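So in our numbering, the last one in the sequence shown is 190, and the numbering has no gaps at all. Working notes, beginning with the structure itself.
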Amino acid sequence: HLTSGLEATRDEVEAIREWLHIPGKCLLLAPHHDVGFTEDLAQRQVEYEHHGDRLVPRQQRFTRYTRSLMRALNIPVHNIWGLR
């Protein structure tokens, strides 16, 4: 997904803006945590195995699509851990 090159279209952004005006609606855009936040590769493997879901990669980031959507909606990222 990170390399798909997809970006949010104007129509998609407008549809989300309209949807967000419905009372009780909210939008959550979040990457998964970096499993095993350490330089020690053995410790990363331990943390990864502890996570319990082998389909979840060790690192996840915002996709290009999500970043384009966040830009269009003026949603800032407080970048503490090097999110891309």
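Ideal Cβ placement from N, Cα and C applies to all residues, glycine included. All values derive from a computational prediction rather than experimental measurement.
Compute the Euclidean distance between the alpha carbons of E155 and D117, then round it to the nearest angstrom. Taking the first residue of the sequence shown as 1, we reach residue 155 at position 49. Taking the first residue of the sequence shown as 1, we reach residue 117 at position 11. The straight-line gap separating the alpha-carbon atoms of E155 and D117 is approximately 41 Å.
Euclidean distance between Cα positions of R173 and A136: On the sequence shown, residue 173 is found 67 positions in, with the first residue counted as 1. On the sequence shown, residue 136 is found 30 positions in, with the first residue counted as 1. A136 has its alpha-carbon roughly 10 Å from the corresponding atom of R173.
Check: Do the CB positions of R170 and S110 come within less than 8 Å of each other?
Finding: As a position in the sequence shown, residue 170 is number 64, starting the count at 1. As a position in the sequence shown, residue 110 is number 4, starting the count at 1. Annotated as proximal: R170 and S110, with beta-carbon spacing under 8 Å.
Using beta-carbon positions only, say whether A178 and A121 come within less than 8 Å of one another. Mapped onto the sequence shown, residue 178 falls at position 72. Mapped onto the sequence shown, residue 121 falls at position 15. Contact flag unset, no.
Three-way DSSP call (helix, strand, coil) for E113 in this model
Here the question's residue 113 lines up with position 7 in the sequence shown. In this structure, E113 counts as coil in the three-state DSSP scheme.
**Message:** Mapping the DSSP letters down to three states, classify E118 as helix, strand or coil.
**Reply:** As a first step, residue 118 must be located in the sequence shown, where it is residue number 12. Correct three-state label for E118: helix.
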